[in-house]
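Inspection log for the structure reproduced underneath, given as structure tokens.
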Amino acid sequence: MKFSPELDKKLNDLLTRYPEGRQRGALIPMLMFAQDEVGAITKELINEVARRCGVTPLQVDEVVGYYSMMHKKPLGKHHVQVCTNISCLLVGGEELYEHACKKLGIGHKEVTQDGQFSLEEVECMGACSWAPAIQIGYDFHHNVTPERFDQLIDALKKVQ
Amino acid sequence: MLYNEPSPLEVRVLTRRFGLPNSAHIDTYLGTDGYKAFAKALDMTQEQIIEEVKASGLRGRGGAGFPTGMKWGFVPRQSPKPKYIVVNADESEPGTCKDRLLIENDPHQLIEGVLIAALAVGATRGWIYIRGEYRYLIDIMDKALAEAYARGYLGQNILGRGFHFDLYTHTGAGAYECGEESALLESLEGKRGVPRIRPPFPAVSGAFQSPTILNNVETFCAVPPILLDGAAKFAAYGTPKNGGTRLFCLSGHVNKPGVYELPMGFNLLRMINEVGGGMRGGKKLKAVIPGGSSCPVLKAEECDLPMDFDSLMKAKSMLGSGGVVVMDETTDMVKAALRIMKFYAHESCGWCIPCREGTTWLKKLLSRLDEGRGTRADIDLVGDLSKNMLGRTFCPLGDAAAMPTISFVEKFRDEFEAKVARYAAAAGSAEPRLISLAQ
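If you read the protein sequences in the order shown, they are chains A and B.
The numbering used here puts the first residue of the first sequence at -7, with every later residue one more than the last.
The numbering used here puts the first residue of the second sequence at 130, with every later residue one more than the last.
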């Protein structure tokens, strides 16, 4: 499987971080960084990571099934994650999530037809004191009102 | 970057560099006593370092509150195996958002804390396990690590003193369970985050089956100030047996939610009123979850108490991870209990049955009660089922789900009953009925 030279270097570097003979330690970081470039955890990617870490594809696959940030199907170009856990719930997180569904026209773990946006109702993301919070990709947005949400989405639409 | 205004009541020990220009850069750190505690530690014996940490009264900031110095003392330093340091930056306890700030604003303080721990047990390698959602912190941390390597604070023959230590970041991938120490170690080894049976504890058999010090970010960050200013000074910020300050994450119905560094033992009502600016909209306080969603909820009348590990334990709750979730009189407690249980049901790793099945059934029962389709028997069943989970799981996730639920039902039973009664009145019968389960 072919990666960009930067990612290839990164993956090789990851293997050096774990004790001799314990290179499986690099498995989860490898999957996470590669997923960002490939767009999803494909069968080819599983085989490639298995080869690099010296484990079987099945051992990689059982790890992929466990972690909520690993996706076998591609997400939207902008993955919108709305937290509705307790701190966000108290200050409008649930209403914000419902608003997000309407604004994007999709539900939990769905992707818009043009592939631009995907939506996920997520668990606590660590922004409780600045709730309600969302993440778009890896970017945090704090104290998000429905109006602010629309602005963020509209700005991303314009860039396309 | 700071996301809320600081409070004048704060005692800034761990957060002393927050707000300085370029606070994450090594030059800022070195210009403000950075790496001086480590230099001091280089001239101390391992016993002296551990004794100093013990004397500071520092207790684990991840949630359990175990005395840090004692934990370090459990590492068999004579073992022929390599020793490792692991930083738990898998901050995922609902209500908690402090480790994020410590890494974002002062990553070198964390590196220095880890270096001192490494000296104390003769460790050669360490990993900072950062939750996957905090990708930007991995970038910040990697940059700080590169700076530390470039200046000779990491790598071979550190500061020419013959001490070798390598430190790396390691990303998680979305799993609350990996904040539990043994599940984190499994995840670090490239596996599913399923907890290990203990003993052996990580001090004896941790990362890659070697003796390991595993602490929360905030715990490591407290170590440089302890060595620099002395254990006595750090201990004196807090109360007896609860040394130092703590980063409290105020959230919910207060006027000024935010992360604030306050002395251990700070009064909870004062925290809400004076630090948090009082209740939003002048509403009445109903309840507080004092230390993240795993902690039993306190009723308003129970909140006049000092925020330290022992006082909270006496109040039959926990100081936990410092996530203080404030709820006003309008809060629907059945809905709050349900949302918390949905979280645990989602995050249960499924390894042991009381947790996997217990959280799932509790979610179903609480859903039914919240939707007004529950019965009085359901309320009792929620309480009984939760109590039957306690102490019967491999890791504390089962307890973390059960404890708050028991407290919600016991302390706010009237709200659960009101929802049942409302439906019964509408249906014209108070008799329990058999009804199909939601989902």
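From the three backbone atoms N, C-alpha and C, an ideal C-beta is built for every residue, glycine too.
Small disclaimer: the values here were computed from a predicted structure and weren't measured.
Chain B residues whose Cβ lies nearer than 9 Å to that of residue i
i, result
"I38/A", "Within 9 Å Cβ-Cβ: nothing; I38/A doesn't reach chain B, min ~13 Å."
"I20/A", "G261, H299, T300, G301, A302, S316, L317, G319, K320"
Nearest-angstrom Cα separation, counted from residue j out to residue i
i, j, result
"G253/B", "Y213/B", "Sequence inspection shows Thr at residue 253/B; the Gly mentioned does not correspond to that position. Computed Cα separation, rounded: 6 Å."
"G367/B", "E390/B", "12 Å"
"V496/B", "T197/B", "Note on residue identity: the sequence assigns Ser, not Val, to residue 496/B. Cα-Cα distance, rounded: 40 Å."
"G186/B", "T348/B", "11 Å"
"A416/B", "G359/B", "38 Å"
"P340/B", "P11/A", "14 Å"
"Y176/B", "F(-5)/A", "In the sequence on display, residue 176/B carries Glu and not Tyr. Spanning the two alpha carbons is a distance of roughly 49 Å."
"H71/A", "E112/A", "8 Å"
"Q568/B", "H475/B", "Low confidence applies to Q568/B: its pLDDT is 46, below 50, so where it sits in the model is not reliable, and the reading given next is rough at best. Going by the C-alpha atoms only, they are around 14 Å apart."
"P331/B", "M130/B", "34 Å"
"L231/B", "L239/B", "8 Å"
"P137/B", "L379/B", "15 Å"
"K95/A", "C120/A", "24 Å"
"F195/B", "M462/B", "31 Å"
"S477/B", "D172/B", "45 Å"
"L68/A", "V323/B", "Position check: residue 68/A holds Gly in this sequence, whereas Leu was assumed. Looking at the two C-alpha atoms, the distance is approximately 30 Å."
"E115/A", "V103/A", "19 Å"
"D268/B", "T137/A", "28 Å"
Beta-carbon proximity of residue i to residue j, cut-off 8 Å
i, j, result
"A170/B", "I178/B", "yes"
"I20/A", "G319/B", "yes"
"R409/B", "N384/B", "yes"
"T374/B", "M400/B", "no"
"P435/B", "F395/B", "yes"
"L491/B", "V511/B", "yes"
"G451/B", "F523/B", "no"
"A304/B", "Y59/A", "yes"
"H237/B", "A275/B", "no"
"L441/B", "G421/B", "no"
"E222/B", "S446/B", "no"
"E29/A", "M(-7)/A", "no"
"N217/B", "V388/B", "no"
"D228/B", "N345/B", "yes"
Terminal residues of the alpha helix (DSSP H) in which residue i lies
i, result
"C484/B", "482 to 499"
"P324/B", "Note, P324/B: premise wrong, no alpha helix (DSSP H); not H, not E."
"A351/B", "346 to 358"
"F25/A", "19 to 30"
"R190/B", "Run containing R190/B: none; DSSP gives neither H nor E here."
"Q143/A", "138 to 151"
"H475/B", "462 to 476"
"H570/B", "For residue 570/B there is no data in the structure shown, the boundaries of chain B being 130 and 568."
Range of the contiguous beta strand (DSSP E) that encloses residue i
i, result
"I287/B", "284 to 287"
"R254/B", "254 to 259"
"E318/B", "Element bounds for E318/B: n/a, residue is neither H nor E."
"E113/A", "109 to 114"
"D543/B", "Counting along the chain, D543/B falls outside any beta strand (DSSP E), though it belongs to the alpha helix (DSSP H) covering 542 to 556."
Within chain A, the residues that residue i reaches when beta carbons sit closer than 8 Å
i, result
"G261/B", "M24, Y59, M61"
"G452/B", "S79, C120"
"K468/B", "Residue identity check: residue 468/B is Arg in the sequence provided, not Lys. Here the neighbours are T76, N77, I78, L81."
"L379/B", "S121"
Residues that residue i contacts on chain A, provided the C-beta gap is smaller than 7 Å
i, result
"F541/B", "Correct list: empty, because the minimum Cβ distance to chain A is about 15 Å."
"V388/B", "S121"
Residues that residue i contacts on chain B, provided the C-beta gap is smaller than 7 Å
i, result
"I145/A", "Going along chain B, no residue has its Cβ under 7 Å from I145/A, so there is no contact; the nearest lies around 20 Å."
"G17/A", "L317, E318, G319"
Interface residues of chain B facing residue i [CB-CB closer than 8 Å]
i, result
"H134/A", "Y132"
"Y130/A", "E262, R264, Y265"
"P124/A", "Under the 8 Å cutoff, chain B gives no residues; its nearest Cβ is about 10 Å from P124/A."
Which ranges does the alpha helix (DSSP H) cover as unbroken runs of at least 4 residues, wholly within the stretch 36 to 103 of chain A, from first to last along the chain? 49 to 56, 78 to 82, 85 to 96
Can you list, in chain order, the stretches of the beta strand (DSSP E) that have 3 or more residues and sit fully within the stretch 268 to 313 of chain B? 284 to 287, 292 to 300
Secondary structure, alpha helix (DSSP H): runs of 4+ residues fully inside the stretch 379 to 457 of chain B: 438 to 443
Residue ranges of each beta strand (DSSP E) run of no fewer than 3 residues wholly in the stretch 162 to 232 of chain B, ordered along the chain? 213 to 218
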